[in-house]
Structures are given as structure tokens and as C-alpha cells.
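To convert, note that position 201 of the sequence shown is 1068 in this note's numbering; the numbers rise steadily by one, no gaps.
Just so you know, even glycine gets a beta-carbon here, dropped at the ideal spot from N, CA and C.
Computed from a predicted structure; not experimentally measured.
First comes the structure, then the notes that go with it.
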Amino acid sequence: METNVKKIKVLVMVLNFNKALRVLEGVRDLYSQKIDFDLSVVVGDNSCNENERTLLESLGQYPGIKLMFFEKNLGYIKAHNVMSENFDADYYVTYNPDILIKDSNVLSELINYMENNKDVGVIAPKQINDDGKIAMTVRGWPNLILQFARRTFLRNLPVLKQLVARDEMQYLDYSKVQEVPWLQASFNCVRGSLWKEVGGHDERYFLFMSDPEICWQSWKQGLKVIYYPKVTVYADGLRISAGGIKTFFKSWVLRQHLKDSWEFFKKHLFEKKPF
């Protein structure tokens, strides 16, 4: 192993994009966690904005934190891979810029669960949005046609309505610890052996689909994906991929979502769903 690679128990990656004020709160929460293991925090910035940079530079007060300011927007997927370079972690935590933690035992409980259940590859807690609603962070495997149709009036047709409900896992009991197809990556923890086996995030994607992809690979490796609502994190609930068909023609982000979805569809077209 290269001498410049840091062996660590848990690596937390926080990637900012124009949410620096919220990141300051989130990092404060991270450093308030009660843990008995070594932890490194990397904060990356895709904003390419001096005001954002100035705010984030104040995080240098925290011990052991690493700040990375990218000269251009690398995208969600590549940025996380760059942030994880030079670390050899037992667990890789994705921590979106809007995430806050009010419970000081969240990290320790998730890591303890992974330590005691070696057959788990990915785990994520319950997530509550700023409006008080439980975020639907569990989803069925992406369906390209359904992803397009749900943004049109077709969504309200009885047959499609049922398919959308199934895709969004609207009937899931969010109070139960359970195995699920995949979990949104707003806050999740990936076992290090899985992360290293698949080479981190698949860079055929730019902004989206890293979360179903890593969960797909987890199931393929014989490792479970677990929704764990015994601990809770909080998010602003704003989805950059939200919008209907009219928005599609105006929003680069929405078009990128469908482009990344197409890449996922092509990659797994002839594969059997692993869960």
C-alpha cells in the first residue's frame, strides 16, 4: 500500500454545491458525534464560487478535516471518487450538504450495525425533511420509461399510478429495519470492501444513479442493503431532479438525470435484478 494512503475506520464525504451555510451546520453536527473509532472528514466544493469558498474555509478549525476546492464542477460522482482518494477506509459515508444530525449516536449505531452484520454492504437511516415529513429514500429499481412518464399527465392514469407508487415504494413501512432494493445517497454508509471492489462510484454517471448503482453492486456481491430507521438524519427536502416535462426542456439538471438514467438502463439491460 502506498505510504500516502491513510488507513481509517470511517471516511465521511461532504460535497457542497451552493449550500455552504448548511454545510457549516452539518459539519458541526458531525464533530458532535459520540464515537469510539477514528474518523476523517473530507469537504469538497463543486460551487466554484468565492463566497462559498470563504464560508467553507472556516471549517479549517476542525481537527483532521480536509477541504478540497475544485476548479470546475466535477459532478457528484467523480467528485466523491476524488474525495475518497488517498484513504483506505472500512466504511465510506456519503453526507449530502443539506444533511443535519441532531442525535449524537447516529454514526456509532450505524457502524456498530455494520460491524455486527458482515453481510450488509450499504445502510442508511431514516431521513426527515425540514417540513417534518419522512423522506422516501427507498426506491424500486429505476425504470427509464416510467421515469419519463411520471413527469407527464400519464402519471395519473390508474395503471401508471400503481407503477409509480410501487417505484416510489409509497407503501413501505418506514418504521421497520428491512432489506430494500436501493437507498438514496443523501446519507448512506458503504462497506469499504464493497467500495474498493467496485472502484468507488461508476463514472459513466455524472450527477445521478450512483446510489442505485452501488446498491445493485452490493446485492450482486451477496451483500444486503438495509434501511435502518432506528436513527434519524434531517434534510432540506429539496430535489434538484424534480420537475415535469415542461421543466425538462428548461432544466439541464433534469436532462442530466434522464441521461444518467439511460446509462444505467443500458448497463443493466440484460441483467437480472439482484433483489
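message = Just to confirm, is the Cβ distance from Val1092 to Phe1132 under 9 Å?
response = no
ask   = Alpha carbon to alpha carbon, how far is Val1147 from Val1005?
value = Outside the shown range of the chain (868 to 1142) lies residue 1147, about which nothing can therefore be said.
Residue nearest to Asn883 in terms of C-alpha spacing, selected from His1124, Lys1140, Gln1088 and Cys915 = Cys915
ask   = With a CB to CB cut of under 7 Å and the five nearest residues on each side skipped, what residues in its chain are close to Met981?
value = Excluding sequence positions up to five before and after Met981, its CB lies within less than 7 Å of the CB of Tyr958, Val987, Ile990, Cys1056 and Arg1058, all in the same chain and listed in chain order.
task = Report all residues from its chain with a CB closer than 8 Å to the CB of Ile875; omit the five preceding and five following residues, and keep chain order.
result = Asp905, Leu906, Ser907, Phe954, Asp955, Ala956 and Asp957
query = How is Val872 classed by DSSP in three states: helix, strand or coil?
reply = coil
task = Using 10 angstroms around the beta-carbon of Glu938, count the other beta-carbons present and answer buried if the total reaches 16, otherwise exposed.
result = exposed
query = What separation, rounded to the nearest whole angstrom, lies between the Cα atoms of Leu1121 and Pro1009?
reply = 15 Å
ask   = First and last residue of the beta strand (DSSP E) that includes Lys1028?
value = Run containing Lys1028: none in the beta strand (DSSP E); it sits in the alpha helix (DSSP H), Pro1025 to Asp1034.
task = Quick one: give me the first and last residue of the beta strand (DSSP E) that Thr1004 is part of.
result = Careful: Thr1004 lies outside any beta strand (DSSP E) and carries neither H nor E.
request  = Please classify Leu888: is it buried, with 16 or more other beta-carbons within 10 angstroms of its beta-carbon, or exposed?
outcome  = exposed
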